[in-house]
Amino acid sequence: MSNRTLVLDDALYDYLCGVSLRETPWQRQLREETATLEMARMQIAPEQGQFMALLVKLMGARQIIEVGTFTGYSALSMAQVLPEDGKILCCDVSAEWTAIAQRYWQAAGVQQRIELVLAPAEETLSARLKAGGVGQYDLMFIDADKTGYAEYVELGLALLRPGGLLLLDNTLWSGRVLDAHTSDLDTRALQALNKALLHDERIDLSLLPVGDGLTLCRKR
3 MSNRTLVLDD ALYDYLCGVS LRETPWQRQL REETATLEMA RMQIAPEQGQ
53 FMALLVKLMG ARQIIEVGTF TGYSALSMAQ VLPEDGKILC CDVSAEWTAI
103 AQRYWQAAGV QQRIELVLAP AEETLSARLK AGGVGQYDLM FIDADKTGYA
153 EYVELGLALL RPGGLLLLDN TLWSGRVLDA HTSDLDTRAL QALNKALLHD
203 ERIDLSLLPV GDGLTLCRKR
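Under the numbering used here, think of the first position of the sequence shown as 3, with each following residue one higher.
What follows is the structure, encoded as structure tokens:
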């Protein structure tokens, strides 16, 4: 019994993954390849990908937006559980990283469920709003530049249907959100966002200690 979230050491984390993680071969291979890259720290945790896929299934989500795709693990995790008529709009600016993503999406047979747009996300999302996308999406995952999170949240709340889910990655930021004297712009942006979300009456809120902190916002 415990009245607070358990801190996982390496052994307990390995146990958690050993008794619960159900990666497909494509997920595992993508994760292992990404681990060899210089920017491997940008990869989400595999148990987070599985949790997000479960949320997609629980919601019956069909229309998803991802802001920040990197090598495509999170998009792959969600695309694998989408129905045939489901679609993920992936917003990124890196042709290099997303080339890896596309290779694995193709191998897993989910490429037809993913639309990749290489352009600044605020431009892509604003264009979708102008094209009639208001309230047309079920779920949005944000894992991109931290100073842009506040704008992505506003765009996301406009694009999501009532009851839609907004997921924000890195909201615990390896504990750096505790530094009240930081001058780091990313950290300050996350600190401000976390405080703003606490008092935002447009959403139901939960911040979970999954990965580097995963915030769930349900649009009311």
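Glycine residues also receive a C-beta, built at the ideal position from the N, C-alpha and C atoms.
Residue i - containing alpha helix (DSSP H), residue span
{"i": "GLN161", "result": "Per the sequence shown, the amino acid found at residue 161 is Leu instead of Gln. First-last of the alpha helix (DSSP H) with LEU161: 151-161."}
{"i": "GLN52", "result": "48-61"}
{"i": "ALA77", "result": "75-81"}
Separation of residue j from residue i, as counted between CA atoms
{"i": "ASP188", "j": "ARG178", "result": "10 Å"}
{"i": "LEU56", "j": "MET80", "result": "8 Å"}
{"i": "GLU125", "j": "LEU207", "result": "27 Å"}
{"i": "GLU25", "j": "VAL112", "result": "15 Å"}
{"i": "ASP11", "j": "GLY134", "result": "47 Å"}
{"i": "LEU168", "j": "LEU218", "result": "6 Å"}
{"i": "ARG30", "j": "LEU180", "result": "33 Å"}
{"i": "ALA129", "j": "SER4", "result": "47 Å"}
{"i": "THR184", "j": "SER176", "result": "14 Å"}
{"i": "ILE205", "j": "VAL155", "result": "11 Å"}
{"i": "GLY88", "j": "LEU8", "result": "36 Å"}
Residue i - DSSP class collapsed to helix/strand/coil
{"i": "GLY134", "result": "helix"}
{"i": "ILE102", "result": "helix"}
{"i": "ARG220", "result": "strand"}
{"i": "SER96", "result": "coil"}
{"i": "GLY213", "result": "coil"}
{"i": "LEU120", "result": "strand"}
{"i": "GLY111", "result": "coil"}
Extent of the continuous beta strand (DSSP E) to which residue i belongs
{"i": "MET142", "result": "139-144"}
{"i": "VAL69", "result": "65-69"}
{"i": "LEU23", "result": "Here LEU23 belongs to no beta strand (DSSP E), and DSSP marks it neither H nor E."}
Residues that residue i bridges to, as DSSP identifies them
{"i": "SER208", "result": "LEU218"}
{"i": "LYS89", "result": "GLN65"}
{"i": "LEU187", "result": "In the DSSP output, where bridge partners are listed per residue, LEU187 has none listed."}
{"i": "LEU171", "result": "Looking at the sequence provided, one finds Asp at residue 171 rather than Leu. Partner(s): LEU216."}
Residue environment, residue i, which counts as buried when at least 16 other CB atoms sit within 10 Å
{"i": "ASN172", "result": "buried"}
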